[in-house]
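Mapping of the sequence shown onto the numbering used here: position 249 corresponds to residue 234, and the numbering continues sequentially without gaps.
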Amino acid sequence: MRLPEGMTRDDLVALHRAHVWPPYTSADEHATRPPLVIVAAEGAWLEDADGRRLLDGNASWWTSALGHRHPRIVRAIRAQLEHLEHAAMGGATNVAAALLAKGLVEVAPPGLVRVHFSDDGSTAVEVAVKLAHQYWAQNGRPARTRFISLAGAFHGDTLGAVALGGVAAFRALFGPLLFDVMHAPDPGDDAAGWERLVEAVEQELTRDSDRIAAVVVEPLVQGAAGMRVWPAALLRRLRDATTRADTLLICDEVFTGYGRTGRMWASEHAGVTPDLLCTAKGFAAGALPMAATLATDRLWQGFSGGSARALMHGHTFCGHALGAAVALETLAIFRDEDVLGGVQHKQQLIARGFARIAALPGVVRTRSLGMIGAADLGAGGYGGQAGWRVYDEALLRGAYLRPLGDTVYVTPPLNTPDADLERLLDVLHDSIAAAHR
Ligand SMILES: Cc1ncc(COP(=O)(O)O)c(C=O)c1O
């Protein structure tokens, strides 16, 4: 929606300040830090109320895998609206949801054959947690109520997801409300730290396997922790250790799925099929809230045998027809436009861009994987301020580059044209240099 006739940008900001409770923003910040007023978007670009164009450096919180308003996504929404927007999935299905489930299973790691639909990344994770818990409860292992997750993990903001989370900023306040989770120790910044972390999980799985329901990971990249990249070989080891302990591995691919790491799923880099896989964000190309939790046949079979054994979880908008139509079209676009093929080249541009950024004063370290590049500017973590100075500089240069505290990063749409991608990397480079002066 554009600004209504007669309304100015400042009028709209006043309304926003008076009535909106924005995410991750204190009341003071809300009153003082001017919000961007985004009125339109196309491809890799956002447009604000002043007509200013900004490259969407984080694909709108990592969702817009195909760029904004991809013409085929727009057409798919219109076409679906001609017939059905939503109908409850209680005792019913709809065409888009059933076709989507089939299409998703076809591209999923082999062995994931069942799809439970929900609304967003957090709910996809909640489903995985409850499904794992209920599976053991009704299949002879009721003591399996503990979860293992990793230090630095982020799995969403609903309470189950927060319990798994390991970033203090999102978790510390809610401690008394959370269930028991072992957080494998912080790996720090070196490869040896990740080895130690995996050893600790392996030991715990040996020591306490009777009580462990699942190990939950963000495969290969911990997004909110500051784009921390970890080795595929260690994911393989976690798969092997959970298999030996005959317990479950949950891969939260909400951020890493749909080509973000250069393959359809990050799990693929390790040749791993988890027991449960969560997807959202790129799943519906950022156009509508839509998510899914995929499961193996073993898990599905654990819910047969009468209505008392049904998964006691569902959402009003489960299998939403509009969302499903968009997610189905997203899969078709990935196929028809060879989106993953394009990423193979673009990821090299990102790697080269961050190699250049690594040489800038004030940059502590850089890393890249697939369509993710990140640079640490300090040790302040999520609470750090260095990234915000770069954010301000980037806005002046035409890019929206929201940081994770002291970490600045790019996660652009996967099909960002090369020229726009080069420009985004240049803006980040120049903004870091300017912020450090
Ligand atoms: C790995 C991961 N899991 C879950 C979530 C939560 O997703 P949502 O914000 O859609 O609930 C996020 C969000 O950033 C995420 O990065």
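For every residue, glycine included, the Cβ atom is placed at its ideal position computed from N, Cα and C.
What separation, rounded to the nearest whole angstrom, lies between the Cα atoms of residue 183 and residue 200?
11 angstroms
Looking at ligand 1, does it come within less than 7 angstroms of residue 239, judged from the CB to the closest heavy atom?
Checking the Cβ of residue 239 against ligand 1 gives yes.
Please classify residue 27 as buried or exposed, where buried requires at least 16 neighbouring CB atoms within 10 angstroms.
Under this definition residue 27 is an exposed residue.
Could you tell me whether the Cβ atoms of residue 384 and residue 51 are closer together than 8 angstroms?
no
Complete runs of the beta strand (DSSP E) confined to the segment 272 to 337 [at least 3 residues]:
276 to 281
Where residue 168 falls: helix, strand or coil (DSSP):
strand
Proximity winner among 190, 314, 244, relative to residue 273 (alpha-carbon distances):
Looking at the Cα atoms, 314 is the closest of the given residues.
Residue 359 to residue 113 span [Cα, whole Å]
29 angstroms
Just list the alpha helix (DSSP H) runs in the segment -13 to 31, keeping only unbroken ones of 4 residues or longer that don't cross its boundaries, in chain order.
-6 to 4, 12 to 17
Should residue 236 and residue 252 be called a contact, given that it needs their Cβ atoms to be closer than 8 angstroms?
yes
Any heavy atom of ligand 1 closer than 7 angstroms to the CB of residue 139?
yes
Excluding sequence positions up to five away, which residues of its chain have a Cβ less than 7 angstroms from the Cβ of residue 156?
147, 150
Helix, strand or coil for residue 214? Go by DSSP, reduced to three states.
If DSSP states are grouped into helix, strand and coil, residue 214 belongs with the strands.
With burial defined as no fewer than 16 other Cβ atoms inside 10 Å of the residue's Cβ, what is the status of residue 8: buried or exposed?
It counts as exposed.
So what does DSSP say about residue 152, is it helix, strand or coil?
Per DSSP, reduced to three states, the secondary structure at residue 152 is coil, with no helix or strand assignment.
Excluding the five sequence neighbours on either side, which residues of its own chain have a C-beta within less than 6 angstroms of the C-beta of residue 310, listed in chain order?
61, 65, 81
Pairs of beta-carbons, one from the segment 287 to 304 and one from the segment 329 to 343, closer than 8 angstroms: are there three or more?
no
With a 10 Å radius around its C-beta and 16 neighbouring C-beta atoms as the bar for buried, classify residue 266 as buried or exposed.
buried
Hey, would you say the C-beta of residue 265 is under 7 angstroms away from at least one heavy atom of ligand 1?
Distances between the C-beta of residue 265 and the heavy atoms of ligand 1 include at least one below 7 angstroms.
With DSSP collapsed to three states, give me the class of residue 198.
Note: residue 198 maps to strand in three-state DSSP.
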